[in-house]
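J.:
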Amino acid sequence: MSDAVSFRRMTEADIDEVLKIEFAAFSHPWTRGIFTDSLSSYECWVMFEGQQQVGHGVINVILDEAHLLNITVKPQSQGRGLGLRLLEHLMLRARECEARECFLEVRASNLPAYRLYERYGFNEIGRRRGYYPAAGGREDALVMACTLLD
1 MSDAVSFRRM TEADIDEVLK IEFAAFSHPW TRGIFTDSLS SYECWVMFEG
51 QQQVGHGVIN VILDEAHLLN ITVKPQSQGR GLGLRLLEHL MLRARECEAR
101 ECFLEVRASN LPAYRLYERY GFNEIGRRRG YYPAAGGRED ALVMACTLLD
């Protein structure tokens, strides 16, 4: 990474670029409506490398519990540590909102994401059968949790 990585809150003006990244990264991406609704309900962030938007993430904090709802890095920018930088930023925000624990679901087939979460300190705590839509029908979600206390 040669350019500095920075973060800022997502705005309505960011959604077109967010959708380009989302649709490039996932077979079943979030829609414009989901992102628009998320702006008023959750913490939505965009990540930049220099001036280029390279990722985004969404977290929800209720009382002392955080839920990582979306984390996406542009496919051309993956494999360079940006996913970890984005995850670290989102978990810092969760801590600042006084979350003590964070939960997430990840596709059982998404091994790079699973390894990223494990590397950060998430542990698998369960499975939701048929949780995600998939090309051949449905796919299981692995439920993971991480304690955010220092």
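Using full-length UniProt numbering, the first residue of the sequence shown is number 1, and each one after it goes up by one.
Even for Gly, the Cβ is constructed at its ideal location relative to N, Cα and C.
#1: Measure from the alpha carbon of G50 to the alpha carbon of each residue in N70, P75, A145, L82, then state which is nearest.
#2: So what does DSSP say about H67, is it helix, strand or coil?
#3: The beta strand (DSSP E) spanning T147 covers which residue range?
#4: In the DSSP assignment, the beta strand (DSSP E) including E124 goes from what residue to what residue?
#5: Using only the heavy atoms of the ligand SAH, determine whether one of them is closer than 6 Å to the beta carbon of E96.
#6: Which residues does DSSP pair with H89 in a beta bridge?
#7: Along the chain, where does the alpha helix (DSSP H) containing G57 start, and where does it finish?
#8: Taking the alpha-carbon of L68 as reference, which of A113, R129, K74 has the nearest alpha-carbon?
T.: With the structure as the only source:
#1: Closest option to G50, Cα to Cα, is L82.
#2: Note: H67 maps to strand in three-state DSSP.
#3: Unbroken beta strand (DSSP E) run through T147: 137-147.
#4: Judged by DSSP secondary structure, E124 falls within the beta strand (DSSP E) whose first and last residues are 123-134.
#5: By its list of ligands, the structure shown contains no ligand whatsoever, and the ligand SAH lies outside what it can speak to.
#6: Beta bridge pairing from DSSP links H89 with no other residue.
#7: DSSP places G57 in no alpha helix (DSSP H) but in the uninterrupted beta strand (DSSP E) bounded by 52-62.
#8: Nearest of A113, R129, K74 to L68, Cα basis: A113.
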